[in-house]
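Engineer:
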Amino acid sequence: MDGALFAEVLGEGSPRILALHGWGRRGADFRPSLYELPALALDLPGFGVSPPPSGPMGAAGYADIVSQILPEFDGPVVLIGHSFGGRVAICLAGQNPGLVGAVILTGTPLVRLRPPRRPSLGYRMIRRLNRLGLVGEARLEMMRQRHGSPDYRAATGVMRDVLVTVINESYEDELRAATMPLTLLWGAEDDEVPQHVAESALTLRGDLPTTLRLVPGVGHHLPLEAPEELRRVVTEVM
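Next up, the structure:
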């Protein structure tokens with residue numbers, strides 16, 4: 001296994017639910033929604049107390065790591081993914097259809113609807129000069145801090161490489177490969193991953209069993225903003 005995985009253990013008995021958190025978050029985000037339910041809420045590699053992966057990887061690489069705990073579950077798992085964790089979850093479901101009984105995703109960038117934003121000309125020039133040995137790492141990092149997203153600025157080492165990898169991914173094939181029931185539970189006020197992303201994923205699913213539920217007045221962090229809504233969906237699909 002690529003490093004150890006740590007998890008919040010919720011409820012009693014053999015776990016039936018696996019919850020994967022968003023970028024910069026940890027498994028504890030699911031305590032308000034999954035209390036007393038038989039669940040594992042992972043700290044994904046590089047977050048919480050789980051060590052980072054040994055090298056850069058995308059969501060499929062994370063899914064490979066997480067798949068090694070699926071034998072711990074008693075029967076097909078109910079898989080929950082929020083944001084980055086949803087990227088991992090849809091890959092995990094597509095890779096292991098016989099081991100996943102249902103998937104619930106919220107605030108997940110499943111489909112890239114526009115080309116990746118190109119770095120500014122100034123940043124590209126500094127990066128090229130750095131590669132030529134004409135500009136030092138301190139100057140390059142200053143430009144990264146100036147132009148990067150908050151998540152990018154906060155990330156370091158291999159986790160920054162992971163972030164760059166996943167933000168350029170799109171999961172059309174995985175959405176079709178995950179043939180089990182899928183619920184898209186979305187905050188209607190999510191401005192990080194708006195509802196049209198969920199609507200596009202719904203269209204891509206075709207005839208596969210898929211439901212889109214919008215939660216009024218809720219933004220991107222639905223597991224914390226509307227935990228009872230998430231709990232209700234989980235208990236319906238168990």
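No gaps in the numbering here: position 166 of the sequence shown is 166 in the working numbering, and each next residue is one more. Yeah, the Cβ is synthetic: ideal placement off N, Cα and C, and Gly gets one too.
1) Fully enclosed by the region 183-217, which alpha helix (DSSP H) runs are 4 residues long or longer?
2) Going by beta carbon distance, what residues of the same chain come within less than 6 Å of Arg-232, once the five residues before and after it are set aside?
3) Can you find the residues in the same chain that come closer than 7 Å, C-beta to C-beta, to Pro-56, ignoring five residues on each side of it along the sequence?
4) Can the beta-carbon of Val-264 be found less than 7 Å from the beta-carbon of Ala-226?
5) So Thr-235 is in the alpha helix (DSSP H); what residue range does that whole segment cover?
6) From Leu-40 to Ala-138, what does the alpha carbon distance come to, in whole angstroms?
7) Give the secondary structure of Glu-172 by DSSP, where H, G and I count as helix, E and B as strand, and everything else as coil.
8) To the nearest angstrom, how far is it from the Cα of Met-1 to the Cα of Gly-219?
9) Mind checking who Asp-43 pairs with in its DSSP beta bridge?
10) Between the C-alpha atoms of Gly-22 and Pro-194, what's the straight-line distance to the nearest angstrom?
11) Under 6 Å Cβ to Cβ from Leu-105, same chain only, skipping five residues before and after it: list those, please.
12) Tell me, please, which residues DSSP counts as bridged to Val-77.
13) Using only CA atoms, which one of Ser-200, Ala-102, Gly-11 and Pro-38 lies nearest to Ser-170?
14) Considering only DSSP beta bridges, list what Thr-106 is partnered with.
15) Given this structure, state the Cα-to-Cα distance separating Leu-208 from Pro-76, to the nearest angstrom.
16) Quick one: residues in its chain with C-beta nearer than 6 Å to the C-beta of Val-49, no 5 flanking neighbours on either side, listed in chain order?
17) Tell me Ile-17's beta-bridge partners as DSSP assigns them.
18) Going by the beta-carbon positions, is the gap between Leu-212 and Leu-204 smaller than 7 Å?
19) Have a look at Pro-150, Ala-177, Leu-222 and Leu-37 and flag the residue whose alpha-carbon is nearest the alpha-carbon of Asn-96.
20) For the alpha helix (DSSP H) holding Ile-65, just list the boundary residues, first then last.
21) Does DSSP classify Ile-167 as helix, strand or coil?
22) Smallest Cα separation from Gln-68: which of Gly-58, Leu-99 and Phe-84?
Structural biologist: Taking the coordinates as given:
1) Counting only runs of 4 or more, we get 195-204.
2) Cβ neighbours of Arg-232 beyond the five flanking positions: none.
3) Exclusion of the five residues before and after Pro-56 leaves Val-158, Asp-161, Val-162 and Thr-165 as the residues of its chain whose Cβ lies within less than 7 Å of its Cβ.
4) Look at the range of the chain in this structure, 1 to 238, and you will see that residue 264 is not part of it.
5) In the DSSP assignment, Thr-235 falls within the alpha helix (DSSP H) that extends over 227-237.
6) Cα to Cα, Leu-40 sits roughly 41 Å from Ala-138.
7) DSSP places Glu-172 in helix when its eight states are reduced to three.
8) At Met-1, the pLDDT of 45 sits below 50, so the modelled position is not reliable; the number obtained from the coordinates is stated separately. Taking the straight line joining both Cα atoms gives about 35 Å.
9) Within the DSSP bridge table, the entry for Asp-43 names Phe-6 as partners.
10) Our two residues, Gly-22 and Pro-194, have alpha carbons roughly 16 Å apart in a direct line.
11) For Leu-105, where only same-chain residues beyond five positions count, the Cβ hits under 6 Å are Gly-81, Gly-86 and Leu-184.
12) Val-77 is bridged to Val-100.
13) If we check each option's Cα against that of Ser-170, Ser-200 comes out closest.
14) BP columns for Thr-106 point to His-82.
15) Those two C-alpha atoms are separated by around 18 Å.
16) Taken in chain order, the residues that qualify are Phe-6 and Asp-43.
17) In the DSSP secondary-structure assignment, Ile-17 is bridged to Ala-39 and Val-78.
18) Result no, Cβ atoms of Leu-212 and Leu-204 do not sit closer than 7 Å.
19) When the alpha-carbon of Asn-96 is set against those of Pro-150, Ala-177, Leu-222 and Leu-37, the nearest one is in Ala-177.
20) First-last of the alpha helix (DSSP H) with Ile-65: 59-67.
21) Coil.
22) Across the set Gly-58, Leu-99 and Phe-84, the C-alpha of Leu-99 shows the shortest separation from the C-alpha of Gln-68.
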